[in-house]
Every structure is written in C-alpha cells, then in structure tokens.
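Chemist:
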Ligand code: HEC
C-alpha cells in the first residue's frame with residue numbers, strides 16, 4: 502500500500518514540474534512502434550507485458566506476463582522500481598541501460614517530446 506501511494510505521489514510531482522507539454526493523440530501514433538509487442542486497451546499482444554494500468558505498477562509484475570519477464574526486470578521491481586511518468590521516461594530514453602539485462606528488444610525513443618506524448622497516451626489507460 503505504501504509503495505502505491507509513493508508511486509502516485511511521484512507521478513503527480515513529475516507532471517507538475519514537467520517542462521514538456523504532452524499530446525496523447527500524437528502519442529497514439531508513436532505507440533504504433535510499441536504495439537507490435539505490447540497490448541493496451543482491448544488489444545492483446547504476446548511479446549511484451551500488457552500496459553493497461555502500468556502507471557503505478559511495480560516493474561515486472563503484470564500477472565499474465567509473470568512467467569516471461571527477464572530476471573533483470575523482476576529484480577528491478579523487487580528493488581523498488583515502480584513505473585510512473587518519470588521512470589518510464591528514463592526507461593524509454595535508453596531501455597538497455599535503465600534496466601541492465603532486460604529483454605525489451607527496442608532501441609528507445611531519443612526524442613523527449615515523443616516520450617512525453619507516448620506516456621500521455623499510456624496514461625489514458627492507467628486511470
Ligand atoms: C520488440 C518488442 C517490444 C517493443 C517494440 C517495445 N517493447 Fe516494451 N517491453 C518488451 C518486453 C519483452 C518487455 C519485458 C522486458 C523484460 O522482462 O526484461 C517490455 C517491458 C516494457 C515495460 C515494463 C513493463 C512492466 O510490466 O514492467 C514498459 C513500461 C514498456 N516495455 C514500454 C514500452 C513502450 C512505451 C514502447 C514503445 C515506445 C515499447 N515498450 C516497445 C517488448 C517490447
């Protein structure tokens with residue numbers, strides 16, 4: 502329970518201080534790059550964990566994907582990594598180094614604006 506409250510608090514702080522305006526409609530277009538692997542809304546994909554409700558969720562804990570997370574992603578969650586706007590932003594900037602040894606085969610989104618927009622889109626499925 503405490504960890505959930507902490508995640509919500511840090512998500513709010515990040516939103517208030519973020520200098521980048523978010524555009525969820527543009528984020529939906531960017532999400533096409535994620536959608537080959539990740540289900541969201543009613544869409545199901547098997548390659549990656551479903552992202553409904555990911556904001557506020559501990560890394561490596563989506564129930565349907567439990568058996569397929571990398572040891573690195575599960576260890577990150579056990580170490581306290583909770584997905585919020587800030588941590589997803591850092592992960593998408595450089596997936597390989599943010600969670601070393603994780604298995605997401607995606608180079609990342611170098612543009613801060615693309616990351617902000619795709620996070621805005623993901624957020625619409627986390628409320
Ligand atoms: C080639 C397939 C692929 C693509 C493309 C991809 N991902 Fe992933 N993603 C994965 C896999 C597989 C994992 C689980 C990694 C692990 O367990 O080490 C993951 C993990 C994640 C997680 C952590 C989820 C959790 O439950 O802990 C987030 C958040 C995420 N991806 C977001 C994105 C976003 C946003 C995009 C697009 C910008 C994207 N991914 C593109 C395959 C992909």
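Residue numbers (the working numbering): 502 to 628. The beta carbon of each residue, even a glycine, is placed where N, CA and C say it ideally should be.
(1) Buried or exposed, going by whether 16 or more other CB atoms sit within 10 Å of the CB of residue 517?
(2) By the DSSP assignment, the alpha helix (DSSP H) with residue 588 in it spans what residues?
(3) Report the rounded CA-to-CA distance for residue 524 versus residue 612, giving the unit in angstroms.
(4) Within the 8 Å Cβ cut-off, does residue 597 reach chain B?
(5) What residues in its chain sit with their C-beta under 8 Å from that of residue 548, if we drop five residues either side in the sequence?
(6) With which residues is residue 583 paired in a DSSP beta bridge?
(7) With a threshold of 16 other CB atoms inside 10 Å of the CB of residue 601, please say whether the residue is buried or exposed.
(8) Should residue 571 be listed as close to the ligand HEC, given that the test is whether its C-beta is under 7 Å from any heavy atom?
(9) Let me check understanding here. Comparing Cα to Cα, which of 608, 575, 606 and 617 lies closest to residue 558?
(10) Consider the C-beta atom of residue 623 and the heavy atoms of the ligand HEC; say whether any pair is separated by less than 7 Å.
(11) From residue 605 to residue 625, what does the alpha carbon distance come to, in whole angstroms?
Modeler: According to the structure shown:
(1) The predicted model places residue 517 with a pLDDT of 42, which falls under 50 and marks its position as unreliable, so this point remains unresolved.
(2) Where residue 588 is concerned, the enclosing alpha helix (DSSP H) starts and stops at 586-594.
(3) Taking C-alpha positions only, residue 524 is separated from residue 612 by approximately 14 Å.
(4) Absence of chain B from the displayed structure is noted, only one protein chain being present.
(5) Sequence-distant partners of residue 548 (beyond 5 residues in either direction) whose C-beta falls short of 8 Å from its own C-beta, in its chain, are 537, 538 and 539.
(6) BP columns for residue 583 point to 559.
(7) Its Cβ having fewer than 16 others within 10 Å, residue 601 is exposed.
(8) With a threshold of 7 Å, the Cβ atom of residue 571 counts as near the ligand HEC, since some heavy atom of the ligand is closer than that.
(9) If we check each option's Cα against that of residue 558, 575 comes out closest.
(10) Placement of the Cβ of residue 623 at a distance of less than 7 Å from at least one heavy atom of the ligand HEC is found.
(11) For residue 605 and residue 625, the distance between alpha carbons rounds to 22 Å.
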